[in-house]
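Remarks on the structure that follows.
Residue numbers (our numbering), protein chains in the order written: chain A, 1 to 140; chain B, 141 to 280.
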């Protein structure tokens with residue numbers, strides 16, 4: 001039940017952008033700082049830009065920055081946007097012979113609701129403090 | 141945050157054994173009924189036997205059966221036993237440059253606690269009813 005790399009990296013990018021002093025960050029900076037391939041990062045950043053959490057400025061001196069206030073990014077919404085699926089189990093592959101009578105998925109979905117409900121209490125703002133700002137300064 | 145196949149298949153096996161009328165079930169029956177390879181099933185069954193939730197009877201007419209009362213198998217314990225890791229994110233691969241100041245993992249761990257706390261309210265017994273018993277009868 002570990003979060004996917006896709007979600008994990010989205011969190012890393014968002015925390016970084018919420019903590020950096022720089023007005024704009026280049027994708028290459030993030031790729032170097034996080035040791036993640038530029039193409040992988042681009043896919044994640046595009047999704048975050050599309051969602052409005054990240055703003056992108058084109059051109060030679062372009063880059064990306066947070067597209068909203070850190071307090072507007074709820075942690076549950078990041079998980080919901082980035083996870084490939086919110087199905088708690090994959091009953092289809094291989095198709096489970098118990099599916100028609102199974103109550104497990106319902107119980108797991110309610111458990112997942114509790115997980116997301118806890119995350120709803122926090123925003124990106126709660127993850128940024130002086131210590132994080134200092135750490136981010138050291139990366140770039 | 142989907143459960144791994146390992147956990148998913150453990151649930152399938154446990155629900156099956158808690159619902160079947162047969163005294164002993166052969167691994168081959170489970171492999172056929174669930175369309176899962178026998179070797180994959182063996183690994184999972186061995187773990188469940190080791191934990192005492194499944195009992196194994198050797199010999200020509202041998203097989204497996206539930207090793208305890210269905211009410212003794214809490215659903216959170218199945219997840220904790222079977223998941224490869226309970227780390228909500230993998231900060232080590234690639235090593236995240238933010239780790240020393242990061243508060244995300246702590247928040248995610250608390251969310252996971254809520255998930256497991258919900259599952260703690262249910263046992264295998266809650267997943268077995270007349271409908272499931274009928275479905276399991278049809279498989280074998």
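Ideal placement from N, C-alpha and C gives every residue a C-beta, glycine not left out. The model shown is predicted, which means the values in this text are computed figures rather than measured ones.
Rounded to whole angstroms, what is the Cα-Cα separation between residue 74(A) and residue 50(A)? One-based indexing of the first chain puts residue 74(A) at position 74. One-based indexing of the first chain puts residue 50(A) at position 50. About 16 Å.
How would you label residue 270(B), buried or exposed, when you count the other beta carbons within 10 angstroms and need 16 or more for buried? The residue labelled residue 270(B) in the question sits at position 130 within the second chain. Counting the other Cβ atoms within 10 Å of the Cβ of residue 270(B) gives fewer than 16, which makes it exposed.
Considering only their Cβ atoms, is the gap separating residue 119(A) from residue 251(B) smaller than 8 Å? Reading the second chain from its first residue, position 111 is the one you call residue 251(B). Reading the first chain from its first residue, position 119 is the one you call residue 119(A). Going by beta carbons, residue 251(B) and residue 119(A) fall inside the 8 Å limit.
Taking contact to mean at least 3 C-beta pairs separated by less than 8 Å, is the segment 168-187 of chain B in contact with the segment 122-136 of chain A? Result no; under three Cβ-Cβ pairs closer than 8 Å.
For the putative contact between residue 143(B) and residue 15(A), defined by C-beta atoms under 8 Å, what is the C-beta separation to the nearest angstrom? Position 3 of the second chain, counted from the first residue, corresponds to residue 143(B). Position 15 of the first chain, counted from the first residue, corresponds to residue 15(A). With a Cβ gap of about 26 Å, residue 143(B) and residue 15(A) do not count as contacting.
Going along the chain, which residues of the segment 172-197 of chain B sit with their C-beta nearer than 8 Å to a C-beta in chain A? Residues 173, 174, 175, 176.
C-beta atoms of residue 174(B) and residue 97(A) nearer than 8 Å: As a working mapping, residue 174(B) is identified with position 34 in the second chain. As a working mapping, residue 97(A) is identified with position 97 in the first chain. Cβ distance < 8 Å, so residue 174(B) and residue 97(A) count as in contact.
How about residue 107(A) and residue 148(B): are their beta carbons less than 8 Å apart? For the purposes of this step, residue 107(A) is taken as the residue at position 107 of the first chain. For the purposes of this step, residue 148(B) is taken as the residue at position 8 of the second chain. The Cβ-Cβ distance between residue 107(A) and residue 148(B) does not fall below 8 Å.
Please compile the residues from chain B whose C-beta is within a distance smaller than 7 Å of the C-beta of residue 12(A). Counted from its first residue, the first chain places residue 12(A) at position 12. The contacting residues are 236, 238.
Residues near residue 42(A) by beta carbon distance below 7 Å, same chain, minus five either side: Along the first chain, read from residue 1 onward, the residue named residue 42(A) stands at position 42. The answer, listed in chain order, is 27.
N-terminal and C-terminal residue of the beta strand (DSSP E) that residue 10(A) is part of: Here residue 10(A) refers to the residue found at position 10 when the first chain is read from its first residue. Boundaries around residue 10(A) are those of the alpha helix (DSSP H), 5-19, since no beta strand (DSSP E) includes it.
Measuring alpha carbon to alpha carbon, tell me which of 71(A), 59(A), 60(A), 25(A) ends up nearest residue 45(A). Counted from its first residue, the first chain places residue 45(A) at position 45. Just measuring C-alpha positions, the residue of 71(A), 59(A), 60(A), 25(A) sitting nearest residue 45(A) is 25(A).
Closer than 8 Å, Cβ to any Cβ of chain B: which residues of the segment 125-137 of chain A, in chain order? Those residues of the segment 125-137 of chain A that come within reach of chain B (Cβ to Cβ, closer than 8 Å) are 126, 127, 129, 131, 132, 134, 135, 136.
Is residue 185(B) helix, strand or coil by DSSP? The residue labelled residue 185(B) in the question sits at position 45 within the second chain. In this structure, residue 185(B) counts as helix in the three-state DSSP scheme.
Anything in chain B within Cβ reach of residue 88(A), meaning under 7 Å, just list it in chain order. Here residue 88(A) refers to the residue found at position 88 of the first chain. Within 7 Å Cβ-Cβ: 142, 143.
What are the partner residues of residue 235(B), as DSSP defines its beta bridges? Against the second chain, residue 235(B) aligns to sequence position 95. 232(B).
Residue 204(B) and residue 264(B) closer than 8 Å at C-beta: Along the second chain, read from residue 1 onward, the residue named residue 204(B) stands at position 64. Along the second chain, read from residue 1 onward, the residue named residue 264(B) stands at position 124. Going by C-beta atoms, residue 204(B) is not nearer than 8 Å to residue 264(B).
Quick one: grab the DSSP three-state call for residue 209(B). Counting from one through the second chain, the residue named residue 209(B) turns up at place 69. Of the three classes helix, strand and coil, the one that applies to residue 209(B) here is coil, per DSSP.
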